[in-house]
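Each remark here refers to the structure printed beneath this line.
Protein chains in written order, with the numbering used here: chain V, 4 to 116; chain W, 1160 to 1274.
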């Protein structure tokens, strides 16, 4: 079965640079979630989109923005990167009629130096 | 907001024994409780879930129980195998509008199954 695709899988950036992470949800899934997971920590919700509209916002810094496109893929844009932004970033997708089940992608490991 | 507590943080069992992980939640509006297994370097994998109108659910060697009155739910793994070794996260969800269910996770339990 098709899974959530995330790219790139690894990304190294310097402080104050920008980064763009991409997420391709499972086909027919219309909701996308972004989570951040620090080393040894649980995933923290950042932001979600339903039918291309932002539906919920968590602990996402103002330096970050995201959007969902017409083909339902989503991009997380991160600017003025800080050392503390180094983490795993996961995208999860769900289908509205079964919206409770979220399926996670393999993640993007962002390292800020 | 929701707060999920998970215990224990680490758990070591002998192969073939059972493992139990317990979670409590704070928001009585939460109505969906998934469990995720995360292996090193991978994304969380949904292994079982339970909804608030169900007290128990079983899938082969994995079972989950829910006590809504006490606001706690548990994961039970029987006949553990080395491949069960991973970090397990419980989570709770309450509807946040417009088709979005924000997940709040516990801190995770690192399960080690000793051959």
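All residues carry an ideal CB built from backbone N, CA and C; glycine is no exception.
Contact of residue 1259 of chain W with chain V by beta-carbon distance below 7 Å involves 34, 51, 53, 58, 59. With a threshold of 8 Å between beta carbons, residue 14 of chain V makes no contact with chain W. Under the 8 Å criterion on CB atoms, residue 110 of chain V is classed as interfacial with respect to chain W.
Residues of chain V with a Cβ closer than 8 Å to the Cβ of residue 1265 of chain W are, in chain order, 45. In this structure, residue 1230 of chain W lies away from residue 1223 of chain W, with their beta-carbon atoms at least 8 Å apart.
For residue 1164 of chain W, the uninterrupted beta strand (DSSP E) segment begins and ends at 1163-1166.
A check of alpha carbon separations from residue 1166 of chain W across W:1243, W:1208, W:1268, W:1273 identifies W:1268 as the nearest.
Residue 108 of chain V is classed as buried because its beta carbon has at least 16 other beta carbons within 10 Å across all chains shown. Looking from the CA of residue 36 of chain V, the closest CA among V:106, V:112, V:115 belongs to V:106. For residue 1245 of chain W, the enclosing beta strand (DSSP E) has its first and last residue at 1245-1254. Neighbours of residue 105 of chain V across chain W, judged by C-beta separation under 8 Å: 1193, 1205, 1260, 1262. Close CB contacts of residue 1181 of chain W within its chain, under the 6 Å cut and outside five residues either way in sequence, are with 1166, 1233 (chain order). In this structure, the beta-carbon distance from residue 17 of chain V to residue 111 of chain V does not fall below 8 Å. Chain-order list of chain V residues neighbouring residue 1248 of chain W: 45, 46, by C-beta distance under 8 Å.
In chain order, 1203, 1204, 1245, 1246, 1247, 1248, 1267 place their CB closer than 8 Å to the CB of residue 1197 of chain W, counting only its own chain and leaving out the 5 sequence neighbours on each side. Listed as beta-bridge partners of residue 1235 of chain W by DSSP are W:1179, W:1222. When Cβ-Cβ separations below 8 Å define contact, residue 67 of chain V makes no contact with chain W. Taking C-alpha positions only, residue 12 of chain V is separated from residue 1228 of chain W by approximately 42 Å. Put simply, the CB of residue 93 of chain V is near chain W, with a gap under 8 Å to one of its CB atoms. Residue 98 of chain V and residue 31 of chain V do touch by the CB rule: their CB atoms are close to 6 Å apart, below 8 Å.
Secondary structure of residue 84 of chain V (DSSP, three-state): coil.
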